[in-house]
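*Asks:*
Protein chains: 2
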Amino acid sequence: MDIPKENFSDWYNTIIQDAKLCDLRYNLKGFIVIMPNAADVISRMYRIYEDALEARGHRKAYFPALISEKNLQVEKEHVEGFAPEVFWVTEAGNNKLEEKMLMRPTSETAMYPLYALWINGKSDLPLKIYQSCQVWRYETKATKPFIRSREFYWIEAHDVFATEKEALAQVQEDMEMTEEIIHNSFGVPFIFFRRPQWDKFAGAVDTYAADTLLPDGKTLQLPSTHMLGTNFAKPFGVKYMDEDGQEKLCHQTCYGPAISRIYSAIVATHGDNKGVILPFHLANTQIVIVPIVKKENAEKVLSFAREIEKKLSKKFRVKMDASENTPGFKYNYWEMHGTPLRIEIGERDIDSGKAVVVRRDTRAKEQVPFDKLSSRIEEIGDEFNKSLIEKADKWFSSLQKEAESMDELSKALEKGGGFVRVPFCSDQMEGKECAEKVKEACGGNMRGSLYGAKEKPKGKKCIACGREAHIYLYAARQY
Amino acid sequence: MDIPKENFSDWYNTIIQDAKLCDLRYNLKGFIVIMPNAADVISRMYRIYEDALEARGHRKAYFPALISEKNLQVEKEHVEGFAPEVFWVTEAGNNKLEEKMLMRPTSETAMYPLYALWINGKSDLPLKIYQSCQVWRYETKATKPFIRSREFYWIEAHDVFATEKEALAQVQEDMEMTEEIIHNSFGVPFIFFRRPQWDKFAGAVDTYAADTLLPDGKTLQLPSTHMLGTNFAKPFGVKYMDEDGQEKLCHQTCYGPAISRIYSAIVATHGDNKGVILPFHLANTQIVIVPIVKKENAEKVLSFAREIEKKLSKKFRVKMDASENTPGFKYNYWEMHGTPLRIEIGERDIDSGKAVVVRRDTRAKEQVPFDKLSSRIEEIGDEFNKSLIEKADKWFSSLQKEAESMDELSKALEKGGGFVRVPFCSDQMEGKECAEKVKEACGGNMRGSLYGAKEKPKGKKCIACGREAHIYLYAARQY
Chain Z
1 MDIPKENFSD WYNTIIQDAK LCDLRYNLKG FIVIMPNAAD VISRMYRIYE
51 DALEARGHRK AYFPALISEK NLQVEKEHVE GFAPEVFWVT EAGNNKLEEK
101 MLMRPTSETA MYPLYALWIN GKSDLPLKIY QSCQVWRYET KATKPFIRSR
151 EFYWIEAHDV FATEKEALAQ VQEDMEMTEE IIHNSFGVPF IFFRRPQWDK
201 FAGAVDTYAA DTLLPDGKTL QLPSTHMLGT NFAKPFGVKY MDEDGQEKLC
251 HQTCYGPAIS RIYSAIVATH GDNKGVILPF HLANTQIVIV PIVKKENAEK
301 VLSFAREIEK KLSKKFRVKM DASENTPGFK YNYWEMHGTP LRIEIGERDI
351 DSGKAVVVRR DTRAKEQVPF DKLSSRIEEI GDEFNKSLIE KADKWFSSLQ
401 KEAESMDELS KALEKGGGFV RVPFCSDQME GKECAEKVKE ACGGNMRGSL
451 YGAKEKPKGK KCIACGREAH IYLYAARQY
Chain C
480 MDIPKENFSD WYNTIIQDAK LCDLRYNLKG FIVIMPNAAD VISRMYRIYE
530 DALEARGHRK AYFPALISEK NLQVEKEHVE GFAPEVFWVT EAGNNKLEEK
580 MLMRPTSETA MYPLYALWIN GKSDLPLKIY QSCQVWRYET KATKPFIRSR
630 EFYWIEAHDV FATEKEALAQ VQEDMEMTEE IIHNSFGVPF IFFRRPQWDK
680 FAGAVDTYAA DTLLPDGKTL QLPSTHMLGT NFAKPFGVKY MDEDGQEKLC
730 HQTCYGPAIS RIYSAIVATH GDNKGVILPF HLANTQIVIV PIVKKENAEK
780 VLSFAREIEK KLSKKFRVKM DASENTPGFK YNYWEMHGTP LRIEIGERDI
830 DSGKAVVVRR DTRAKEQVPF DKLSSRIEEI GDEFNKSLIE KADKWFSSLQ
880 KEAESMDELS KALEKGGGFV RVPFCSDQME GKECAEKVKE ACGGNMRGSL
930 YGAKEKPKGK KCIACGREAH IYLYAARQY
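From first to last, the protein sequence lines are chains Z and C.
First residue of the first sequence? That's 1 in the numbering used here, and the numbers climb one at a time after it.
First residue of the second sequence? That's 480 in the numbering used here, and the numbers climb one at a time after it.
(1) Under 8 angstroms, CB to CB, which of the residues in the stretch 20-34 of chain Z have a partner in chain C?
(2) Between the stretch 518-537 of chain C and chain Z, which residues of the former have a C-beta closer than 8 angstroms to a C-beta of the latter?
(3) DSSP state of R359 (chain Z), grouped into three classes?
(4) Return no unless some Cβ of chain Z is closer than 8 angstroms to the Cβ of P736 (chain C).
(5) Between L117 (chain Z) and chain C, is there a C-beta pair that is closer than 8 angstroms?
(6) Between the Cα of F671 (chain C) and the Cα atoms of C:L699, C:L781, C:E726, C:T642, which residue gives the shortest distance?
(7) For P515 (chain C), which three-state DSSP category applies?
(8) By DSSP, does L888 (chain C) sit in helix, in strand, or in coil?
(9) Classify P668 (chain C) as helix, strand or coil using the three-state DSSP reduction.
(10) Threshold first: 3 residues or longer. Then list the beta strand (DSSP E) segments lying entirely within the stretch 38-92 of chain Z, N to C.
(11) Please compile the residues from chain C whose C-beta is within a distance smaller than 7 angstroms of the C-beta of Q134 (chain Z).
(12) So, does the CB of G338 (chain Z) fall closer than 8 angstroms to a CB anywhere in chain C?
(13) Mind the definition here: the stretch 165-175 of chain Z touches the stretch 278-286 of chain Z only if three or more C-beta pairs lie below 8 angstroms; say whether that holds.
(14) At a CB distance below 9 angstroms, what residues from the stretch 552-570 of chain C approach chain Z? Give them in sequence order.
(15) So the beta strand (DSSP E) K432 (chain Z) belongs to, where does it begin and stop?
(16) Would you kindly report the start and end of the unbroken alpha helix (DSSP H) that includes W597 (chain C)?
(17) Identify which residue in Z:D407, Z:K311, Z:G346, Z:Q246 has its Cα closest to the Cα of L373 (chain Z).
(18) Per DSSP, E154 (chain Z) is paired with what?
(19) So that I know if they touch, is there some Cβ in chain Z lying closer than 8 angstroms to that of L852 (chain C)?
(20) If you scan the stretch 314-377 of chain Z from start to end, which runs of the beta strand (DSSP E) of 3 or more residues do you find wholly inside it?
(21) Name, going along the chain, the residues of the stretch 227-242 of chain Z whose beta-carbon falls closer than 9 angstroms to a beta-carbon of chain C.
(22) Measure the C-alpha to C-alpha separation of I343 (chain Z) and G203 (chain Z) and round it to an integer number of angstroms.
(23) Could you tell me the boundaries of the alpha helix (DSSP H) in which R306 (chain Z) lies?
(24) Does the stretch 61-70 of chain Z come close enough to the stretch 101-109 of chain Z that 3 or more CB-CB pairs lie under 8 angstroms?
(25) Using beta-carbon positions only, say whether V238 (chain Z) and T212 (chain Z) come within less than 8 angstroms of one another.
(26) What distance in whole Å lies between the Cβ atoms of G927 (chain C) and Y953 (chain C), which are believed to be in contact at a cut-off of 8 angstroms?
(27) Grab the span of the beta strand (DSSP E) containing P702 (chain C) for me, first residue to last.
(28) Here's a check: name, in chain order, each residue in its chain whose Cβ is nearer than 8 angstroms to the Cβ of L820 (chain C), leaving out the five neighbours to either side.
(29) Counting only Cβ-Cβ distances shorter than 8 angstroms, please list the residues of the stretch 868-886 of chain C near chain Z, keeping chain order.
(30) Can you tell me where the alpha helix (DSSP H) holding V901 (chain C) begins and where it ends?
(31) Would you give the residue range spanned by the beta strand (DSSP E) that Q400 (chain Z) belongs to?
(32) In terms of DSSP beta bridges, what is M925 (chain C) paired with?
(33) Residues of chain C with CB closer than 8 angstroms to the CB of L114 (chain Z), please, in chain order.
(34) Excluding the 5 residues flanking A621 (chain C) on each side, which residues of the same chain have their C-beta closer than 8 angstroms to its C-beta?
(35) Enumerate in chain order the residues of its own chain whose CB-to-CB distance from A110 (chain Z) is below 8 angstroms, with the five nearest sequence positions on each side excluded.
(36) Would the stretch 452-465 of chain Z and the stretch 425-438 of chain Z be scored as touching if the rule is three or more Cβ pairs under 8 angstroms?
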C-alpha cells in the first residue's frame, strides 16, 4: 500500500486487493468474489440492518430470484426502466423454456402480485416486509468493485399502507433508520435528498435517497426510499376493503440499502494511507495482540499474552499474532486489514503490569493496567467510533458549498467536488433540460432538494436558464 | 387444521398454508414464496449455523450466483451430474450473450478456480470457506414445498487441506456439527450414512449424509459432506508447494446443509394435529400473553399484562394478543403458529399473584408467581426443548429395524417405513444391480452404511443376490 488516499481511485483499486477484500479474477465481466475480510463485515452489516428493520415492525420473507416475464410487463414505466438491464433465463437442462424468466433486478414485480392476495381488509395493513438478497443488473456503465457491479447484495423492504400519509411517514422512518445505521453506526455521513422528477425510480411518484461523498468529492447513492403512491397498486391490484365497504388502492413505499455498496463507502470514508479502518463493532478482528518476544523470554511472554487473549475473548473478537514475522511486519499487516486496536505485550509490560494499547486511526498509544484492560477497551472502542464519525463529519461539512451561477458551480466542482447548492428553476419535468445543460457544462448532476427543506431562493435566478429560481437543488459529480 | 398427522402428506400440505409458512401461488413452477412465519425461523437457523461454522474456523465469502459455462465443463462426472438440471442465462437486456452462464446449482465450479489462485504454500491451508446463498436446480421430479424446490436456501462450506487425513477429520467435524445443530438444537434425529458408491455426489470420492425420517416413515436427506479427495483439485489446479519443494494436490471436502429443507424436517418432526411446534429458541414469538378480560376489569388486566410483557421482553420474544377475538380463538391461532408458551392473565391471576403458563407441546399448565416468571420461563424453555428432543428420539428409535430377506424388508417398509438394516453384498459399484432389485421389489432405497461402522455381517447372505454379504446397509423409502 504505497498510494496516497489523495489519488482516490488508485488508492481504492489497490486497497481492495491488498487487504483482500475482493478478487477481481472471477471470469465473468462485472462479477466479483467478495473475500472473507469483506464478507465478515458485510455479514455483520446485514445483521445490524435486519435487527433495525425488525425493531420497526418489518418481517422477513424470501421471494424467488426468478420472475416471470409477464410480471415485469405490468407497470409500464417500470418495464421501460428495467428491461434493458435484466439477465434472461431462456433454457433449463436441455430444454428451451416456453416462457423466459428474468433474474430479479429488484422485486416489485415478484412481490406485489402476492401482496394483492395477502391484503384484504384494513387489518392486514400496514404490511411491512423485507428480504436480504442478491440482485442482478446488466450494467453497461463501467463497473467498480462493490460500488457498481452486475451483481450486488442488498436488502429491499416493501411496505404497504392504507393512506398516503402513512406512506409518507414511512419515508421519514426510513430516513431516520438510515441516519441511525449509516451515520451513527457505520460512521458514513450523507444527505437525504428528494430526487428531481427526471431522476426518480422507474414507476415511482418520488424518490428519496441518501447520498454520500467519496474522498474524490464525487457522490455515491446509498439507500433510497421510493414513494410509489398507488402507481404499482393499481396495475397489480393491491387493494383493501375499507370500513365504508369500498375497495381502495393501497399506498406503497420501498426502501433499498445496497449493503455491498455501503461497505465501499465505509472503506472509502475511513481508510487511510496505511489501509482499511473499520468502526470497532464492525471489525472482524477488533483487537490484535502482538507479543514482543526475545528468545530468552518467549515462553513467559507468550503464555501471558495467551491469558490476556482468553480473557478479552469473552467480550471482544481477538486474535493473537504469534507468527514468526517481525513486530513491524505484523503492525503493518493488521493496520492494512483495519483492526481497530493493537495490544503490544512484552516482558517490560508484564513487569510494569500494563499493556500498551494502540489505536489504528490516530496511532495513539495508551498504557492500560492489565486488570482494567477489558473495561478500558470498551471505552476506547466507543471513543474510536466517535472520533471516526467526527472526522468524517468534519470532512463532509467542508464539502458543502454554494454557487449562484454556472461558472461558480463549475469552479466549486473542479475544486474538490462535494455538494453545491444552487438556485434552480424547477425539480419537476420542466427542469430536466436545465439539468442536462449543467451536466454538459461542468459534469454536475442535480441530486435533488434537501428532504423536508423549507428554504427557498428569493430573487435568485436558475443557474442554467436564468429564469426565476423556485427551489434550491444540490449538484455533484457522481459515481 | 383438521387433518390428523397420521395422514402426513395431507397434514403437511395443509399446515404449510394454514400456518402461513409459504405461498404456493407464485407463478413459476417449482418456486415458492417463503412467508414471514417461516422466514423468521429460517433466518434464525442461518445465524446458528453460521456461528457454528465460524467457531470451527470457517470464514464467510460471497461468490457470484452465475457461473461461466466453461467452468462447469472442467470435471467430467460433475458436468454429467449437473448439466441436466441447470438454468441457463443466454440473454441480457436486448443482447444475446456470446457465452451462456448458468445459475449455480452448487458452487464447486465457481469457487475452485479462485482457490487455485489463493493457495500457494502450506501456510494457506487449511482453507475453510462457506457461503449462505440460494441455489437453483431444474428439478424434473415432483416438487414439495421446502422439501424439494427448484430454488432452495442453503449453506455450502468448501474446505481444502494438505492431506487426506485432515480432509477425513473434516468429515468427522461436519458430522459432529450436524449433531450439535440439527439434533441437539433443532431436535431433529438423523443417522449419518456413508452412501453407496452408486449414490454419491457427482465427482466425489465418497458422500456422507445425514438422513432423517418424516412422520410417514420415508427418509429425507439433510446435510451431506462430500469427500472430494483430489478429484476436483486436479482439474482445477488446487495445489500447494510442499516443504520438500514439490507441488502437491490438495484434498477437499464440501458440506451442504439445505436450511430450507431442514426447516421442513423441524415442522414435520415436532408438529401435531393443532399445528406447528417449534423449539423455544427458534420460535419468532416465544411467548404469547393472552389477557382474560371482562368489560368491568379490562383496563386493570390489560395494563397489568402490558407490564408483564415489558418485563419479559427484556429476555424473550413476547407478544401480547389484545385483539377482539375470544380467548379460545387466540389459543388456537397461536398454537397453530407454534408459539411454545402461552401466558394467561386474568383478574383472578393478578389477585393470586400467579400467572398460568401453558406449554404448546403437552398443553401442561403451571402456575408461576409473577416475580419468578422470567427465571421460571427460562427453565421451562429448556425443559420444552429437552422433551421435544426426547419425544423425537423415541419415535425415531422405534423406526430402526432389521431384516434378513427381501420379504422381511418389504414387510418392514410396508409397516410404517423407517430405516431397515439388511445384509448386502457390497456398497461398491458391483452392488448397484442389487440395489436396483431392492428398489423394484419394495421401493426401498439403499441409503448406505453407518458412518464409522465396524459391524459386519457374518455368515449372512445379500438380500438381493443371495451371495455372501460383506456389509450392512440401510434401506428406506425416500423423498
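Built from N, CA and C at the ideal position, the CB exists for glycine as well.
*Replies:* On the basis of the data shown:
(1) Listed by position, the residues of the stretch 20-34 of chain Z near chain C (Cβ gap below 8 angstroms) are D23, R25, Y26, N27, L28, F31, I32, V33, I34.
(2) Residues of the stretch 518-537 of chain C whose Cβ lies closer than 8 angstroms to any Cβ of chain Z, in chain order: A518, D519, I521, S522, R526, E529.
(3) Along the first sequence, one-based indexing puts residue 359 (chain Z) at 359. Strand at R359 (chain Z).
(4) Position 257 of the second sequence, counting from 1, holds the residue named residue 736 (chain C). No, no contact with chain Z.
(5) For the purposes of this step, residue 117 (chain Z) is identified with residue 117 of the first sequence, where counting begins at 1. L117 (chain Z) counts as touching chain C.
(6) Taking the second sequence and counting its residues from 1, the one referred to as residue 671 (chain C) is at position 192. For the residues C:L699, C:L781, C:E726, C:T642, the minimum Cα distance to F671 (chain C) belongs to C:L699.
(7) One-based indexing of the second sequence puts residue 515 (chain C) at position 36. In the displayed model, P515 (chain C) falls within a helix according to three-state DSSP.
(8) Here residue 888 (chain C) corresponds to residue number 409 of the second sequence, with the count starting at 1. In the structure shown, L888 (chain C) adopts helical secondary structure according to DSSP, grouped into three states.
(9) Indexing the second sequence from 1 puts residue 668 (chain C) at position 189. P668 (chain C): coil per DSSP, three-state reduction.
(10) Every beta strand (DSSP E) of 3 residues or more that sits fully in the stretch 38-92 of chain Z is shown, in chain order, as 66-68, 87-92.
(11) In the first sequence, residue 134 (chain Z) corresponds to position 134, counting from 1. Neighbours of Q134 (chain Z) in chain C, taken as residues whose beta carbon is under 7 angstroms from its own, are A544 in chain order.
(12) Within the first sequence, the letter at position 338 stands for residue 338 (chain Z). Closer than 8 angstroms to the CB of G338 (chain Z) there is not a single CB belonging to chain C.
(13) Counting Cβ pairs under 8 angstroms, fewer than three are found: no touch.
(14) With the criterion set as a beta carbon lying under 9 angstroms from some beta carbon of chain Z, the members of the stretch 552-570 of chain C are A562, P563, E564, V565, F566, W567, V568, T569, E570, in sequence order.
(15) The residue labelled residue 432 (chain Z) in the question sits at position 432 within the first sequence. Membership of K432 (chain Z) in any beta strand (DSSP E) is not indicated; the residue belongs instead to the alpha helix (DSSP H) covering 432-442.
(16) Numbered from its first residue, the second sequence carries residue 597 (chain C) at position 118. Segment 587-597, the alpha helix (DSSP H) holding W597 (chain C).
(17) Along the first sequence, one-based indexing puts residue 373 (chain Z) at 373. Nearest option by C-alpha distance: Z:K311.
(18) As a first step, residue 154 (chain Z) is located in the first sequence; it is residue number 154 there, counting from the start. The amino acid at residue 154 (chain Z) is misidentified as Glu; the sequence shows Trp. Paired residue(s): Z:C133.
(19) Here residue 852 (chain C) is taken as the residue at index 373 of the second sequence, counted from 1. Cβ-Cβ to chain Z under 8 angstroms: no for L852 (chain C).
(20) The stretch 314-377 of chain Z contains these whole beta strand (DSSP E) runs: 318-320, 341-346, 354-359, 365-369.
(21) Answer in chain order: no residues at all.
(22) Taking the first sequence and counting its residues from 1, one reaches residue 343 (chain Z) at position 343. Taking the first sequence and counting its residues from 1, one reaches residue 203 (chain Z) at position 203. Those two C-alpha atoms are separated by around 53 angstroms.
(23) As a working mapping, residue 306 (chain Z) is identified with position 306 in the first sequence. That run of the alpha helix (DSSP H) goes 298-312.
(24) The count of Cβ pairs closer than 8 angstroms, one atom from the stretch 101-109 of chain Z and one from the stretch 61-70 of chain Z, reaches three, so the stretches are in contact.
(25) Here residue 238 (chain Z) refers to the residue found at position 238 of the first sequence. Here residue 212 (chain Z) refers to the residue found at position 212 of the first sequence. Taking the C-beta atoms as reference points, T212 (chain Z) is found no nearer than 8 angstroms to V238 (chain Z).
(26) Within the second sequence, residue 953 (chain C) is the residue found at index 474, counting from 1. Within the second sequence, residue 927 (chain C) is the residue found at index 448, counting from 1. With a Cβ gap of about 7 angstroms, Y953 (chain C) and G927 (chain C) count as contacting.
(27) As a position in the second sequence, residue 702 (chain C) is number 223, starting the count at 1. From DSSP, the beta strand (DSSP E) with P702 (chain C) extends over 698-708.
(28) Here residue 820 (chain C) refers to the residue found at position 341 when the second sequence is read from its first residue. Cβ-Cβ distances below 8 angstroms link L820 (chain C) to F759, Q765, I766, V767, V836, V837, R838, R839, I856, I859, G860, F863 in the same chain, with the five nearest sequence neighbours on each side left out; the list follows chain order.
(29) So the list is empty, because no residue satisfies the distance condition.
(30) The sequence position of residue 901 (chain C) within the second sequence is 422, counting from 1. Residue range 898-903 is occupied by the beta strand (DSSP E) that includes V901 (chain C), with no alpha helix (DSSP H) assigned at that position.
(31) Within the first sequence, residue 400 (chain Z) is the residue found at index 400, counting from 1. That run of the beta strand (DSSP E) goes 400-402.
(32) What you label residue 925 (chain C) is simply residue 446 of the second sequence in a count that begins at 1. C:A954.
(33) Working through the first sequence from its first residue, we reach residue 114 (chain Z) at position 114. Ordered by position in chain C, the residues that pass the 8 angstroms Cβ test against L114 (chain Z) are D502, R504, Y505, V512.
(34) In the second sequence, residue 621 (chain C) corresponds to position 142, counting from 1. Within the same chain, A621 (chain C) has close Cβ partners R627.
(35) In the first sequence, residue 110 (chain Z) corresponds to position 110, counting from 1. Only F63, P64, I67, N71, R104 meet the Cβ criterion.
(36) The stretch 452-465 of chain Z vs the stretch 425-438 of chain Z: in contact.
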